[in-house]
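Enquirer: In the numbering used here, the protein residues as written are 981 to 1292.
Glycine included, each C-beta is placed from N, C-alpha and C at the ideal position.
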Amino acid sequence: MDLSVIDCFVKVADARSISAAARLHRLPKSTLSHRIRQLEDEFGVELFVREGHNLHVTDAGSELLRHARRIQASCDDAATAMAEMRQEVAGTLRVGSTGEFGTTITSELLYAFRQQYPQVALDVMFLTSRQPFTDVTEMALDGIFHWGEPSDVDYISRRLATASYGLYASPAYLARHGTPQTPDDLATHRGLIFRQPTRPQSWYLAKDERSEVDVLPPVTCTANDYWTLKYFAVAGEGVAYLPGFFVETECQSDLLVPVLPQWRSPETAINLIYSRRRHVSRRFKAFVEFCVEFYRGRENKRIPRYYVEKVG
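1) Within a Cβ cutoff of 6 Å, which residues of the same chain sit near R1139, ignoring the five residues on either side of it in sequence?
2) For P1151, which residues from the same chain have a beta carbon less than 7 Å from its beta carbon, with the 5 sequence-adjacent residues on both sides left out?
3) Among the candidates A1058, K1210 and V1291, whose CA atom is the shortest distance from the CA of R1084?
4) Where does R1139 fall in DSSP's three states?
5) Taking just the CA atoms, how far does L1172 sit from V1294?
6) Kindly provide the ranges of any beta strand (DSSP E) runs that are 3 or more residues long and lie completely inside the stretch 1224-1271, ordered along the chain.
7) Where L1073 and D1103 are concerned, what is the direct C-alpha to C-alpha distance, given to the nearest angstrom?
8) Identify whether K1290 lies in helix, strand or coil by the three-state DSSP scheme.
9) Classify V1214: buried if its beta carbon has 16 or more other beta carbons within 10 angstroms, exposed otherwise.
10) Among V1069, R1282 and Q1242, which has the Cα closest to the Cα of Q1161?
11) Who pairs with D1194 in a beta bridge, going by DSSP?
12) Go through its chain and collect everything with a Cβ distance to D1056's Cβ below 7 Å, but skip five positions before and after it.
13) Is it right to say D1194 is buried, meaning 16 or more other beta carbons lie within 10 angstroms of its own, or is it exposed?
14) Roughly how many whole angstroms lie between the Cα atoms of R1128 and D1134?
15) State the start and end residues of the unbroken beta strand (DSSP E) segment that holds V1100.
16) Helix, strand or coil for Y1153? Go by DSSP, reduced to three states.
17) Under three-state DSSP, which class holds N1204?
18) Can you grab the Cα-Cα spacing for the pair E1088 / H1014, in whole Å?
19) Taking buried to mean at least 16 other C-beta atoms within 10 Å of its own C-beta, is L1027 buried or exposed?
20) If T1202 sits next to R1170, beta carbons under 8 Å apart, how far is it from one beta carbon to the other, in whole angstroms?
21) Where do the ends of the alpha helix (DSSP H) carrying I1016 lie?
22) Looking at the structure shown, is A1220 part of a helix, part of a strand, or coil, going by DSSP?
23) Considering just the uninterrupted stretch of the alpha helix (DSSP H) at H1005, what are its terminal residues?
24) Does the beta carbon of A1002 fall short of 6 Å from some heavy atom of the ligand SAM?
25) Starting from R1094, trace the beta strand (DSSP E) both ways and give me its first and last residue.
26) For I1283, count the other beta carbons within 10 Å of its own beta carbon; 16 or more makes it buried, fewer makes it exposed. Which is it?
27) Measure the alpha-carbon distance for L1121 versus K1009 and round it to whole angstroms.
28) In the DSSP assignment, the beta strand (DSSP E) including F1028 goes from what residue to what residue?
29) Figure out for me which residue from S999, W1183 and S1042 has the closest Cα to the Cα of I986.
30) Looking only at its chain, what residues have a beta carbon closer than 8 Å to the beta carbon of H1005, apart from the 5 residues adjacent to it on each side?
31) Of all the options M1062, R1175, W1207 and D1164, which has the alpha carbon lying nearest to the alpha carbon of E1192?
32) Within a Cβ cutoff of 6 Å, which residues of the same chain sit near Y1254, ignoring the five residues on either side of it in sequence?
33) Taking only the alpha-carbon atoms, compute the straight-line gap between F1106 and V1075 and give it to the nearest angstrom.
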């Protein structure tokens, strides 16, 4: 079986579209279409079914995809073994990231990793917070950045950092509406609220072990995207409940300021999760060590950061 044909099949399956796969990997659509037909003719089965604008793998396609990923992983392991014979950190690193802060947490770390290990190629997959870990296993990911503690998963978990939520608003908003002095004052303010899958996210805040509140203020904007809420906060539309690391650049630029800074949520862990395995590549060992060290001196690293800019 031609490995290039298998590679094309995986690209189309991941993109769920021949056109999207062609754009993403800069390949002719005709080449991808021909190779999918070649596989279907070889096995005598349909590999994809069209639903709307997307292609979905059939049962046969799903089975082939499972084997195809193993084939790709074996090829990459062979390339890694040869690189390790030359004492190099090289090969492809497949990384997943859960949670809504993936661009902030994941992108800057991976960029910094690439600066230190330029011979490593990155394949990054952003996952939904409700995606089953069985799906993640089938994607053959080396590791996953996970917001919070994993549950009922037989994975190794390395804690990289912790973060807590707090309230933030723009100076312009506070000048117009006043600065809350107590959690009770939030009842008269405009809330920028994150929408969880089943309900709005309330603002759980604690001052100490004996002082805790759970607030859901009047809503100005609800979204299931924290970047949208941060944008509205910088624009002066209300108060948002966000992790400290997520707004550090905006606070340094005085675009946002903490509201009730002594009231914050409990700490949440940021973990690197990976499966138990007998053979660990030099590449992944270097990655785990780099991740642990990265957060110890993250604030001192000169790396590009995501932030919301207010153009005057």
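Expert: Quick look at the numbers:
1) Correct list, in chain order: A1249 and N1251.
2) D1234 and V1237
3) Here residue 1084 is Thr; the residue named in the question, Arg, does not match the sequence. Cα-wise, what sits closest to T1084 is K1210.
4) If DSSP states are grouped into helix, strand and coil, R1139 belongs with the strands.
5) The first residue shown for the chain is 981 and the last is 1292, placing residue 1294 beyond what the model contains.
6) 1237-1239 and 1248-1255
7) 6 Å
8) Coil.
9) Under this definition V1214 is a buried residue.
10) Distance check between Q1161 and each of V1069, R1282 and Q1242 places Q1242 closest, using alpha-carbon atoms only.
11) Y1184
12) G1071 and T1072
13) The C-beta of D1194 has fewer than 16 other C-beta atoms within 10 Å across all chains shown, which makes the residue exposed.
14) A quick correction: the sequence has Gly, not Arg, at residue 1128. About 16 Å.
15) V1100 to F1106
16) Of the three classes helix, strand and coil, the one that applies to Y1153 here is helix, per DSSP.
17) coil
18) Taking the straight line from one Cα to the other gives about 38 Å.
19) buried
20) In fact, because the Cβ distance is near 12 Å, the residues do not count as touching under 8 Å.
21) K1009 to F1023
22) strand
23) I998 to H1005
24) As far as ligands go, the structure on display features none, and thus does not contain the ligand SAM.
25) No beta strand (DSSP E) contains R1094, which is instead part of the alpha helix (DSSP H) from E1088 to Q1096.
26) The residue in question, I1283, is exposed, as its Cβ has fewer than 16 Cβ neighbours within 10 Å.
27) 27 Å
28) F1028 to E1031
29) S1042
30) K991
31) D1164
32) Excluding positions up to five away in sequence, the list reads G1123 and I1136.
33) The alpha-carbon separation between F1106 and V1075 amounts to approximately 9 Å.
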